[in-house]
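Asks: Submitted below is the structure of interest, expressed as structure tokens.
In this note's numbering, the protein residues as written are 5 to 295.
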């Protein structure tokens, strides 16, 4: 198979999300995902980006960060890059169906605090595809530069579930869901509108997050919280150094409304169901560079 050479496409503005989501939905039934499929090699670049401070404040309120801080929350650059990622993943050359795509993990490296009033350049690209025991996983990279300096980057993995011959991981350390829970630090009662409030602030208005009726169309009994909201809410509680590495894995959806327990110890954090103890999210925060 011949793959296209990498190219760079410089944008003049932030892509509108609604038509991208609609295009991705229409093309999803045509996808035949497999880990050896070709994928878009274009790097989307958006220079001269400035943060909308009103939208930032709405995001901070939705996630529990203090409003009016000088620096961006550690997860906010993901929101800035999300429209570019959707432009790539809704395109005809992206091999995985956008509908049903599951955000399975994110790794963030913040090299310094990002002032909210500074000007940035965004770059987003698909790094590659890989087999997963439940299907095919795509890795999407987002980079933020201040001038020539790379100040923030992330790697998100998105899973398209389908039949596969990939073998499960070899036996070893117990999966995070089977380990002892971290010490409980707080219990949060989540209202049914969490997904709508986060969607309005972030622009991610996936129907599975907005209303019970639209969530049922995709197999969920109620609306579910955005995975990136759960990470942001935990980091708002946990705190993050100016220079840090954050890793998080999304284990199971959080149904809305619902009650979850936030646990933390030695840089690790998690969310579990308050009643049954089901692990929804596990993650860690370590200094950058690592000691």
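Even for Gly, the Cβ is constructed at its ideal location relative to N, Cα and C.
Between which two residues does the alpha helix (DSSP H) harbouring residue 216 extend?
Replies: Residue mapping note: residue 216 aligns to position 212 of the chain shown, counting from 1. Start and end: 216 to 220.
Asks: What span of residues does the alpha helix (DSSP H) with residue 241 cover, start to end?
Replies: The residue you call residue 241 lines up with position 237 of the chain shown. Per DSSP, residue 241 belongs to the alpha helix (DSSP H) from 231 to 242.
Asks: Unbroken beta strand (DSSP E) runs of length 3 or more, entirely within the stretch 128 to 156: which are they?
Replies: The qualifying runs are 139 to 150.
Asks: With residue 80 as the anchor, note down where its alpha helix (DSSP H) starts and where it stops.
Replies: Working through the chain shown from its first residue, we reach residue 80 at position 76. That run of the alpha helix (DSSP H) goes 80 to 93.
Asks: Jot down the residue ranges of each uninterrupted beta strand (DSSP E) in the stretch 176 to 212, minimum 3 residues, whole runs only, in chain order.
Replies: DSSP runs (the beta strand (DSSP E)) wholly in the stretch 176 to 212: 188 to 194.
Asks: Taking 8 Å as the cut-off, does the stretch 107 to 125 touch the stretch 233 to 253 (at least 3 CB pairs, one atom from each stretch)?
Replies: Counting Cβ pairs under 8 Å, three or more are found: they touch.
Asks: So, helix, strand or coil for residue 269, using DSSP?
Replies: Walking along the chain shown from the start, residue 269 turns up at place 265. Strand at residue 269.
Asks: Answer with buried or exposed for residue 222, where buried requires no fewer than 16 other C-beta atoms within 10 angstroms of its C-beta.
Replies: The residue given as residue 222 occupies position 218 in the chain shown. Burial call: exposed.
Asks: On a Cα-Cα basis, can you pick out the residue from 51, 96, 89, 152 that is closest to residue 160?
Replies: In the chain shown, the residue the question calls residue 160 occupies position 156. The candidate whose alpha carbon is nearest that of residue 160 is 89.
Asks: For a test of the three-state rule: what should DSSP assign to residue 114, helix, strand or coil?
Replies: Counting from one through the chain shown, the residue named residue 114 turns up at place 110. The answer is strand: DSSP assigns residue 114 an E or B state.
Asks: Mind checking which residues open and close the beta strand (DSSP E) that includes residue 248?
Replies: The residue given as residue 248 occupies position 244 in the chain shown. Note, residue 248: beta strand (DSSP E), 248 to 254.
Asks: For residue 164, which three-state DSSP category applies?
Replies: For the purposes of this step, residue 164 is taken as residue 160 along the chain shown, with counting starting at 1. In this structure, residue 164 counts as strand in the three-state DSSP scheme.
Asks: Can you confirm whether the stretch 222 to 237 touches the stretch 256 to 275 when touching is taken to mean that 3 or more C-beta pairs between the two stretches lie within less than 8 Å?
Replies: They touch, by the three-pair rule.
Asks: So, with DSSP's three-state summary, where would you put residue 285?
Replies: Taking the first residue of the chain shown as 1, we reach residue 285 at position 281. The answer is strand: DSSP assigns residue 285 an E or B state.
Asks: Would residue 240 pass as a contact of residue 69 if the rule is Cβ separation under 8 Å?
Replies: On the chain shown, residue 240 is found 236 positions in, with the first residue counted as 1. On the chain shown, residue 69 is found 65 positions in, with the first residue counted as 1. For residue 240 and residue 69, yes; Cβs fall inside 8 Å.
Asks: Are residue 269 and residue 163 close, meaning C-beta to C-beta below 8 Å?
Replies: Along the chain shown, read from residue 1 onward, the residue named residue 269 stands at position 265. Along the chain shown, read from residue 1 onward, the residue named residue 163 stands at position 159. No.
Asks: So, using beta-carbon positions, are residue 45 and residue 75 closer together than 8 Å?
Replies: As a working mapping, residue 45 is identified with position 41 in the chain shown. As a working mapping, residue 75 is identified with position 71 in the chain shown. No, these two residues do not count as a Cβ contact at 8 Å.
Asks: Skipping 5 residues on each side, what residues in its chain have a beta carbon closer than 6 Å to that of residue 14?
Replies: As a position in the chain shown, residue 14 is number 10, starting the count at 1. Only 49 meet the Cβ criterion.
Asks: Please name the residue or residues paired with residue 50 in a DSSP beta bridge.
Replies: Residue 50 sits at position 46 when you count from the first residue of the chain shown. Note: residue 50 sits in a beta bridge opposite 126.
Asks: Using the Cβ count rule (16 or more neighbours within 10 Å means buried), how would you classify residue 274?
Replies: For the purposes of this step, residue 274 is taken as residue 270 along the chain shown, with counting starting at 1. It counts as buried.
Asks: Could you name the residues of the same chain whose beta carbon sits closer than 8 Å to that of residue 219, not counting the 5 residues immediately before and after it, in chain order?
Replies: Position 215 of the chain shown, counted from the start, is the residue given in the question as residue 219. For residue 219, where only same-chain residues beyond five positions count, the Cβ hits under 8 Å are 211, 212, 213, 225, 226, 227, 228.
Asks: State whether the stretch 120 to 138 contacts the stretch 54 to 67, with contact taken as three or more CB pairs (one from each stretch) at a distance under 8 Å.
Replies: Yes, since at least three Cβ pairs between the stretch 120 to 138 and the stretch 54 to 67 fall closer than 8 Å, the two stretches touch.
Asks: Could you tell me the alpha carbon to alpha carbon distance between residue 19 and residue 94, rounded to whole angstroms?
Replies: The residue given as residue 19 occupies position 15 in the chain shown. The residue given as residue 94 occupies position 90 in the chain shown. Rounded to whole angstroms, residue 19 to residue 94 spans 12 Å at the Cα level.
Asks: Could you give the DSSP three-state label for residue 45: helix, strand or coil?
Replies: If you number the chain shown from 1, residue 45 lands on position 41. Here residue 45 sits in coil by DSSP.
Asks: If I'm right that residue 63 touches residue 206 with Cβ under 8 Å, what's the distance once you round it to whole angstroms?
Replies: On the chain shown, residue 63 is found 59 positions in, with the first residue counted as 1. On the chain shown, residue 206 is found 202 positions in, with the first residue counted as 1. Confirmed, about 6 Å.
Asks: Just to confirm my understanding: we take residue 168, look at its own chain, exclude 5 residues before and 5 after, and list those with CB closer than 6 Å. What are they?
Replies: Locating residue 168 in the chain shown gives position 164, where the first residue counts as 1. 139.
Asks: Leaving out five residues before and five after residue 166 in sequence, what residues of the same chain have Cβ atoms less than 6 Å from its Cβ?
Replies: In the chain shown, residue 166 corresponds to position 162, counting from 1. Excluding residues within five positions, the ones whose Cβ falls inside 6 Å are 37, 139.
Asks: Any heavy atom of the ligand GTP inside 7 Å of the beta-carbon of residue 9?
Replies: Judged by which ligands are present, the structure shown has none, so any question about the ligand GTP falls away.
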